[in-house]
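Structure first, commentary second.
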Amino acid sequence: KAMLVDVGPKSTIPKLIEALNFLGIKKVEFILLTHIHLDHSGGIAEILERFPDAKVVAHKSAIKHLINPEKLWKASLETIGEIAKSYGEPRGISESNIYSGKPEFAGNSVEIIETPGHAPHHQSYLFGEFLFIGECVGVHVPLKNDYYLRPATPPKFYYEPAMASLEKILKLGSKRVCFAHFGFKRDSIEIAERAMKQLRLWVSTVYEIACRRDIRDEKEICRIAKEELLEKDTKFSNYRLLDDDIKRREDFFIANTLKGIQEYVYETHCI
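Using the working numbering, read the sequence shown as starting at 1036 and increasing by one per residue.
See below:
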């Protein structure tokens, strides 16, 4: 039996089922969703077809969109366009699959930690020493003897809740971090501190460009900010070491991240 965290998009579910079959998994007890963006929850209906008794855990405000994903799909098409189409349109699930209690698996309870920032309904899960963190600290790509890290702050982004979520992670003490994107690290304190420092740097950089230099063209702000951050942010500068296919994906989401920060800066600082 198994417990899953973030099943991924509809388009990749055959690969997930293939992997579960390879591991000999006959039963999935719980499916924990950190949030309901399509690359995390889009394949939930297909997984439930294979494991119909599984119980789904998600933030209370996200549940209605799992049952009826029409608005989620429309919003996804508006924000990420062709990428959403490549993920596949999600199907609704039965309310009977929703679990509202505190999940227990293999004799141990799962602690649910609300970590808004990447999304207002984002939550993380602590299971023993393992912390399933979704995109609370951003996007992590392991490299030989190092790693790439960038914030995940799509519109609509709120800086204060995101920083408060990172503070929560710090207070948990050192845990083994399992990232939604990608891999894992042994020390949650180091990565949370790094993410906080990085987020401050990205917000201050966009503020300097948009407000102090009074540049208002979105694409120009993105271009300048990316160029400057590749020089100032040591973990983001590892972008240069990424494989070309990952770079292409990152180019889109870097722009989306900077757009979220731009909107926050305009609303709170450029008055």
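All C-beta atoms in this analysis are idealised placements derived from N, C-alpha and C, irrespective of residue type, glycine included. No experiment lies behind these values; they were computed from the predicted model shown.
{"Item": "On a Cα-Cα basis, can you pick out the residue from T1269, H1216, R1221 that is closest to L1236?", "Value": "T1269"}
{"Item": "Whose CA, out of A1230, L1293, F1086, G1127, lies closest to the CA of D1252?", "Value": "L1293"}
{"Item": "From V1172 to E1146, what does the alpha carbon distance come to, in whole angstroms?", "Value": "18 angstroms"}
{"Item": "Restricting to Cα atoms, I'd like to know which of N1273, I1148, S1209, N1103 is closest to N1180.", "Value": "N1273"}
{"Item": "Rounded C-beta distance between V1238 and Y1182? I'm assuming under 8 angstroms.", "Value": "About 21 angstroms separates the two Cβ atoms, so there is no contact after all."}
{"Item": "Could I get the ranges of all uninterrupted beta strand (DSSP E) runs contained in the stretch 1076-1119, with 3 residues as the minimum, in chain order?", "Value": "1090-1092"}
{"Item": "Does DSSP put D1181 in a helix, in a strand, or in coil?", "Value": "strand"}
{"Item": "Write down every uninterrupted run of the beta strand (DSSP E) in the stretch 1180-1214 whose length is 3 residues or greater and which is fully enclosed by it, in chain order.", "Value": "1181-1185, 1211-1214"}
{"Item": "Taking a contact to mean a Cβ-Cβ separation below 8 angstroms, would you say G1152 touches Y1122 in this structure?", "Value": "no"}
{"Item": "When you compare only the Cα positions, how much space is there between R1211 and E1164?", "Value": "6 angstroms"}
{"Item": "Taking E1263 as the reference, which of V1241, T1188, K1232 has the closest Cα?", "Value": "V1241"}
{"Item": "Report yes if the C-beta distance between K1090 and E1113 is below 8 angstroms; otherwise report no.", "Value": "no"}
{"Item": "Is the separation between the beta-carbon of L1276 and that of L1184 shorter than 8 angstroms?", "Value": "no"}
{"Item": "By DSSP, does V1300 sit in helix, in strand, or in coil?", "Value": "helix"}
{"Item": "With DSSP collapsed to three states, give me the class of L1058.", "Value": "coil"}
{"Item": "Using CA coordinates, which residue listed in Y1301, L1068, A1215, F1057 is at the minimum distance from R1247?", "Value": "Y1301"}
{"Item": "Which residues bound the alpha helix (DSSP H) around S1239?", "Value": "1223-1242"}
{"Item": "For a test of the three-state rule: what should DSSP assign to L1030, helix, strand or coil?", "Value": "Residue 1030 cannot be examined here, being either before or after the span of the chain that is shown, 1036 to 1306."}
{"Item": "Out of E1225, I1071, L1067, which has the shortest C-alpha to C-alpha gap to W1361?", "Value": "Since the first and last residues shown for the chain are 1036 and 1306, residue 1361 lies out of range."}
{"Item": "Whose CA, out of C1213, G1295, D1286, F1057, lies closest to the CA of P1189?", "Value": "G1295"}
{"Item": "Between the C-alpha atoms of K1045 and A1119, what's the straight-line distance to the nearest angstrom?", "Value": "10 angstroms"}
{"Item": "Taking H1304 as the reference, which of I1244, G1059, F1288, S1200 has the closest Cα?", "Value": "I1244"}
{"Item": "To the nearest angstrom, how far is the alpha carbon of I1133 from that of M1038?", "Value": "14 angstroms"}
{"Item": "Please classify F1271: is it buried, with 16 or more other beta-carbons within 10 angstroms of its beta-carbon, or exposed?", "Value": "buried"}
{"Item": "Identify the continuous beta strand (DSSP E) that holds E1170 and give its terminal residues.", "Value": "Careful: E1170 lies outside any beta strand (DSSP E) and carries neither H nor E."}
{"Item": "What are the boundary residues of the alpha helix (DSSP H) that I1256 is part of?", "Value": "1253-1267"}
{"Item": "Find the nearest neighbour of P1125 within the set V1042, I1052, E1202, judged by alpha-carbon distance.", "Value": "V1042"}
{"Item": "If we ignore side chains and look at the alpha-carbon of each, how far apart do D1257 and Q1297 end up?", "Value": "For the record, residue 1257 in the displayed sequence is Cys; it is not Asp. Using only the alpha carbons, I get a separation of about 9 angstroms."}
{"Item": "Buried or exposed for R1221, please, with buried defined as at least 16 other CB atoms from any protein chain shown within 10 angstroms of its CB.", "Value": "exposed"}
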